[in-house]
Structure formats: structure tokens, C-alpha cells
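**Q** This is the structure I have questions about; it appears just below.
Residue numbers (full-length UniProt numbering): 1 to 62.
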């Protein structure tokens with residue numbers, strides 16, 4: 001995601017195979033709702049799978 005003034009340009013995230021067998025899948029339906037220099041509001045849905053480990057948290061980095 002990139003910001004230019006008040007406009008928000010988001011990148012598309014696609015689900016991918018996990019890099020480690022049994023690792024949680026990638027988040028789904030990732031959306032950026034708002035962003036400025038001090039914060040970003042992001043939402044997502046958990047992976048849609050029962051064969052991988054459960055997600056225990058996400059790390060959002062700048």
C-alpha cells in the first residue's frame with residue numbers, strides 16, 4: 001500500500017502456499033480502509049482452511 005497525499009493506493013494480495021508445511025495460510029480479503037502518516041486501518045479475514053495450523057496473530061510492519 002502506498003499513500004499520496006490523502007489518496008490511498010492499495011496493492012492486491014493473493015493467497016499463496018505456505019512456505020513451511022503446516023504453517024498458517026495467508027490472510028484473505030486484505031483491505032486498507034484508511035492511511036495517513038500516523039496510522040493505517042487494515043482489515044482481513046483468517047485463512048479459509050482446516051488442514052493448516054491456526055493463526056495465533058499477525059505482525060503488521062511499516
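Don't be surprised by glycine CBs; every beta carbon is placed ideally from N, CA and C.
How big is the Cα-Cα spacing for residue 53 and residue 37?
**A** Distance between the alpha carbons of residue 53 and residue 37: 34 Å.
**Q** What are the residues that DSSP puts in a beta bridge with residue 43?
**A** 31
**Q** Answer yes or no: do residue 49 and residue 31 have a C-beta to C-beta separation smaller than 7 Å?
**A** no
**Q** What number of angstroms, rounded off, separates the C-alpha of residue 24 from the C-alpha of residue 60?
**A** 16 Å
**Q** I need the straight-line Cα distance from residue 18 to residue 55, nearest angstrom please.
**A** In this prediction, residue 18 scores a pLDDT of 49, lower than 50, which makes its location untrustworthy; the coordinate-derived value is nonetheless stated afterwards. Whole-angstrom Cα-Cα distance: 12 Å.
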